[in-house]
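*Asks:* Residue numbers (our numbering), protein chains in the order written: chain L, 1 to 231; chain Y, 1 to 231. Heads up, the beta-carbon is just placed ideally off N, CA and C, and yes, glycines get one too. Since we're looking at a predicted model, the values are computed, not measured. One structure, as structure tokens, below. Some questions next.
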DNA sequence: AAATATATATGATATTTGTCAGCTTTTCAA
DNA sequence: TTGAAAAGCTGACAAATATCATATATATTT
């Protein structure tokens with residue numbers, strides 16, 4: 001087994017709360033973890049599932065969404081390299097409130113909850129680190145609430161593109177690295193797919209966005225930002 | 001000083017994360033805390049303030065809201081007896097992302113952050129308890145996101161009344177104990193005040209709600225629930 | 001009690017957004 | 001490669017919601 005498959009040596013850990021674990025704790029995690037490969041479109045877990053562990057994203061992106069009573073999915077968060085999914089459910093000892101589906105091919109480390117829960121009780125540094133991450137998620141969620149209820153669909157779509165660029169980057173040609181379908185973008189923004197398509201078309205016509213195949217790229221970031229702010 | 005003014009004896013503590021504190025920790029908290037009285041409409045802290053402590057609600061209700069770029073307030077949470085406000089900012093070492101304003105006359109205990117931060121580093125039981133509360137807030141925030149983006153204003157207002165009844169109760173005459181202005185209800189739901197008033201009027205005409213002065217009461221809870229679910 | 005301010009109410013209208021239908025393009029597997 | 005399925009696109013229309021104007025009721029101050 002290569003040394004990079006040991007959590008102690010995993011660079012990704014630096015980005016999440018596992019960095020606050022001791023050598024011994026990491027050894028336990030590493031010994032009990034299972035590496036999983038998930039293909040684009042496959043589910044990692046579903047709303048209502050009892051999670052017996054958490055998933056640490058090694059590669060790829062997952063959408064965390066919740067089905068509303070009218071049958072539409074609302075994407076609440078996009079989790080990428082370094083993020084830990086399922087923590088909330090394990091901590092609350094509740095079943096998952098969100099579904100996780102792979103947006104592209106993914107590599108995950110599945111860590112059984114026992115070792116996590118054990119550290120939560122014994123290592124305050126780790127617990128505090130998890131708490132800090134959750135505090136950050138909560139602030140982001142509050143921001144999303146304000147945006148969805150106070151901004152127009154056009155503003156939110158403009159904002160979504162800025163978000164995709166700053167969080168997932170773009171290639172040398174200026175296309176967003178994270179490729180989402182129009183439906184997924186609509187589900188992030190909380191609007192109908194057709195409305196989303198219409199506005200993206202409008203942005204293309206106005207020279208704010210460009211597209212090539214299913215890839216989308218930002219041409220005029222400043223104008224998009226202004227739009228998102230309501231100018 | 002009456003013994004009920006000592007945190008060790010405070011019943012309210014049973015509802016929040018302070019219950020996981022040791023006797024000694026509570027003694028420290030009690031010695032450093034300051035009781036504050038805030039009148040209806042007064043601000044406790046504002047978005048952007050640096051918080052040097054947290055506020056434990058002893059009595060009354062506070063609205064936690066965020067100003068959007070279009071100048072409207074979005075109420076993200078209503079905090080009542082037992083809840084601790086400002087935790088998130090203290091944990092993240094960031095300035096407040098929300099404003100807190102008293103909805104009615106309030107009594108608060110202000111606890112300097114040092115004693116909280118100290119316990120967060122030393123007492124994993126306490127940290128875990130705070131984490132559990134925050135995990136719960138996060139789940140609630142996710143639910144709000146889905147509701148706001150997928151339900152109609154009418155559904156959300158129906159839901160808001162169910163929420164107000166289950167969380168704050170009603171008097172013997174069947175009026176909600178927590179009295180909110182139509183504007184506040186609109187800001188909880190994320191809609192224009194006029195739209196909110198219109199729908200409340202409609203609900204009154206249909207015999208779902210009743211009003212007397214500024215008090216509002218639920219007449220037909222079942223129909224309200226059905227409405228909220230989209231029937 | 002009168003005067004003023006604030007909250008609630010309602011109509012008319014404009015804007016935004018969703019829905020349905022049909023069409024074109026792309027993707028993917030047989 | 002070719003044909004089915006999925007994704008993207010666009011128009012027409014309907015529904016939901018916001019905005020503006022104005023009226024009335026309620027609360028607050030003088």
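Taking only three categories from DSSP, how would you classify residue 170 (chain Y)?
*Replies:* Looking at residue 170 (chain Y) - three-state DSSP - the assignment turns out to be strand.
*Asks:* Beta-carbon separation of residue 38 (chain L) and residue 107 (chain L) under 9 Å?
*Replies:* Yes.
*Asks:* Could you say which of Y:64, Y:192, Y:75 and Y:68 lies nearest to residue 83 (chain Y) if we only look at CA atoms?
*Replies:* Taking only the C-alpha atoms, the option nearest residue 83 (chain Y) is Y:64.
*Asks:* Checking contacts by CB at 9 Å: is residue 87 (chain Y) closer than that to chain L?
*Replies:* At least one chain L Cβ lies under 9 Å of residue 87 (chain Y).
*Asks:* Using 9 Å as the threshold, is the C-beta distance between residue 175 (chain Y) and residue 215 (chain Y) below it?
*Replies:* Yes, they are a contact pair.
*Asks:* Could you spell out where the alpha helix (DSSP H) holding residue 106 (chain Y) opens and where it closes?
*Replies:* Careful: residue 106 (chain Y) lies outside any alpha helix (DSSP H), inside the beta strand (DSSP E) at 106 to 112.
*Asks:* Should residue 7 (chain Y) be counted as a contact of the ligand COA given a C-beta to heavy atom distance under 8 Å?
*Replies:* With respect to the ligand COA, the structure shown offers nothing to examine, as it has no ligands at all.
*Asks:* Quick one: which chain L residues come within Cβ less than 7 Å of residue 141 (chain Y)?
*Replies:* Residues of chain L passing the Cβ test: 138, 141, 142 and 145.
*Asks:* Bridge partners for residue 227 (chain Y) per DSSP, in chain order?
*Replies:* Bridge partners of residue 227 (chain Y): none, in fact.
*Asks:* With a threshold of 9 Å between beta-carbons, can residue 128 (chain L) be considered close to chain Y, or not?
*Replies:* Judged by the 9 Å Cβ criterion, residue 128 (chain L) is in contact with chain Y.
*Asks:* Less than 8 Å between the CB atoms is what I'm expecting for residue 62 (chain L) and residue 100 (chain L), so what's the real figure, rounded?
*Replies:* Confirmed, about 5 Å.
*Asks:* Find the residues of chain L that neighbour residue 192 (chain Y), judging by a C-beta separation of less than 7 Å, and give them in chain order.
*Replies:* Within chain L, no residue comes near residue 192 (chain Y); the closest Cβ sits about 11 Å away, beyond 7 Å.
*Asks:* What does residue 48 (chain L) reach in chain Y if we use C-beta pairs closer than 9 Å?
*Replies:* Going along chain Y, no residue has its Cβ under 9 Å from residue 48 (chain L), so there is no contact; the nearest lies around 13 Å.
*Asks:* Rounded to the nearest angstrom, what separates residue 31 (chain Y) and residue 112 (chain Y) at their Cα positions?
*Replies:* If you take the alpha carbons of residue 31 (chain Y) and residue 112 (chain Y), they lie about 10 Å apart.
*Asks:* Using a 10 Å radius around the Cβ and a threshold of 16 neighbouring Cβ atoms, would you call residue 151 (chain L) buried or exposed?
*Replies:* Counting Cβ neighbours within 10 Å, residue 151 (chain L) comes out buried, since at least 16 surround it.
*Asks:* If you reduce the DSSP assignment to three classes, tell me which class residue 12 (chain Y) lands in.
*Replies:* It is helical.
*Asks:* For residue 79 (chain L), does the three-state DSSP call read helix, strand or coil?
*Replies:* Residue 79 (chain L): strand per DSSP, three-state reduction.
*Asks:* Quick one: grab the DSSP three-state call for residue 195 (chain L).
*Replies:* Residue 195 (chain L) falls in the helix class under three-state DSSP.
*Asks:* DSSP has residue 56 (chain L) in a bridge; who is on the other side?
*Replies:* The partner list for residue 56 (chain L) (beta bridge, DSSP) reads L:84 and L:109.
*Asks:* How is the beta strand (DSSP E) around residue 210 (chain Y) delimited, first residue to last?
*Replies:* Segment 209 to 212, the beta strand (DSSP E) holding residue 210 (chain Y).
*Asks:* Compute the distance between the beta-carbons of residue 16 (chain L) and residue 124 (chain Y), then report whether it is under 9 Å.
*Replies:* For residue 16 (chain L) and residue 124 (chain Y), no; Cβs fall outside 9 Å.
*Asks:* Is it buried or exposed, residue 2 (chain L), if we count other Cβ atoms within 10 angstroms and call 16 or more buried?
*Replies:* In this predicted model, residue 2 (chain L) has a pLDDT of only 49, less than 50, meaning its place in the structure is not dependable enough to derive any value.
*Asks:* Could you tell me which chain Y residues have their CB closer than 7 Å to the CB of residue 66 (chain L), listed as they occur along the chain?
*Replies:* Those are 142 and 146, listed as they occur along chain Y.
*Asks:* Taking all protein chains shown into account, do 16 or more other C-beta atoms lie within 10 angstroms of the C-beta of residue 127 (chain L), making it buried, or fewer, making it exposed?
*Replies:* It is buried - the Cβ of residue 127 (chain L) has at least 16 other Cβ atoms within 10 Å.
*Asks:* Compute the Euclidean distance between the alpha carbons of residue 221 (chain Y) and residue 203 (chain L), then round it to the nearest angstrom.
*Replies:* Using only the alpha carbons, I get a separation of about 45 Å.
*Asks:* Quick check on this structure: which residue in Y:71, Y:158, Y:137 and Y:105 has the alpha carbon closest to the alpha carbon of residue 196 (chain Y)?
*Replies:* Nearest option by C-alpha distance: Y:158.
*Asks:* Determine, using beta carbons only, whether residue 66 (chain Y) and residue 226 (chain L) come nearer to each other than 9 Å.
*Replies:* No. Outside cutoff.
*Asks:* Just the chain L side, please: which residues come within less than 8 Å of residue 230 (chain Y) by C-beta, in chain order?
*Replies:* Neighbours of residue 230 (chain Y) on chain L, chain order: 69 and 70.
*Asks:* Would you give the residue range spanned by the beta strand (DSSP E) that residue 215 (chain Y) belongs to?
*Replies:* Residue 215 (chain Y) -> beta strand (DSSP E) spans 215 to 218.
*Asks:* Does the beta carbon of residue 94 (chain L) sit closer than 9 Å to a beta carbon anywhere in chain Y?
*Replies:* Yes, because at least one Cβ of chain Y sits closer than 9 Å to the Cβ of residue 94 (chain L).
*Asks:* Of all Cβ atoms in chain L, is any one closer than 9 Å to the Cβ of residue 123 (chain Y)?
*Replies:* Cβ-Cβ to chain L under 9 Å: yes for residue 123 (chain Y).
*Asks:* Inspect the CB distances between the segment 187 to 196 of chain Y and the segment 113 to 122 of chain Y and report whether three or more fall short of 8 Å.
*Replies:* No contact exists between the segment 187 to 196 of chain Y and the segment 113 to 122 of chain Y.
*Asks:* Could you compute how far the alpha carbon of residue 93 (chain L) sits from the alpha carbon of residue 8 (chain Y)?
*Replies:* One C-alpha to the other measures close to 28 Å.
*Asks:* For the segment 149 to 162 of chain Y, which residues have a beta carbon sitting closer than 8 Å to at least one beta carbon of chain L?
*Replies:* So the list reads 149, 150 and 151, given in the order they occur along the chain.
*Asks:* With a threshold of 8 Å, are at least 3 pairs of Cβ atoms found where one atom belongs to the segment 129 to 149 of chain Y and the other to the segment 22 to 36 of chain Y?
*Replies:* Flag = no, the segment 129 to 149 of chain Y and the segment 22 to 36 of chain Y do not touch.
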